[in-house]
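Sequential numbering from 928 applies to the sequence shown in our numbering.
Built from N, CA and C at the ideal position, the CB exists for glycine as well.
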Amino acid sequence: MCLDRARVYHKDGSFGRGAPSRPDAPARAGKNGSTSGATTAMLDRLEKAGLIERRPNPNDRRESLIAAAQGSSQIAASWFESARRAQDRLISSYSESELEIISDVFERFAKLWDDERETTGRQTQPVGSGGRACD
């Protein structure tokens, strides 16, 4: 699970599945570029909203384990339902040949940026990460 500013998600892109993660505030603060206080405040807001649960770490009582709360996946999905429908309408307005062109452009852009990162030696980093990506 990666905490990147106001997002809570698993590295596979899913939300709310899998075992609890170990993002105690000090450990996570260094990963997402914010202070431990800001990370704690973010976790407090997510917990108050019913999106996460803090659980005691059985191996270290100074830490908490963070898990997606039951039903949080449906809550998060509901935020994007309107946008998903709008995207579906937009995509359905294109012909199959137009969609192939759009797909080709996106694939070429992705390759262009991969090549650029390789050429310059730069890696993709989350905004505000202080040069550190989520692990």
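Unbroken beta strand (DSSP E) stretches of 3 residues or longer found wholly inside the segment 988–1042: 991–995, given in chain order. Leu970 counts as buried, since no fewer than 16 other beta carbons sit within 10 angstroms of its beta carbon. Between the segment 1022–1034 and the segment 998–1012 there are fewer than three C-beta pairs closer than 8 Å, too few to call the two in contact.
A check of alpha carbon separations from Ala994 across Ala1003, Arg982 and Asp987 identifies Arg982 as the nearest.
A Cβ-Cβ separation of about 36 Å leaves Ile1002 out of contact with Leu1039 under the 8 Å criterion.
Glu980 is bridged by DSSP to Ala994. Note on geometry: alpha-carbon atoms of Asp1041 and Ser1030 lie some 17 Å from one another.
With a threshold of 16 other beta carbon atoms within 10 Å, Leu992 meets it and is buried. In this model, Ser1022 and Arg1016 are separated by some 12 Å (Cα to Cα).
The Cβ atoms of Ala996 and Glu980 lie closer than 7 Å to each other. The three-state secondary structure of Gly1048, taken from DSSP, is coil. Pairing Ala965 with Arg1035, the inter-Cα distance amounts to about 38 Å.
In the structure shown, the three-state DSSP call for Ser963 is helix.
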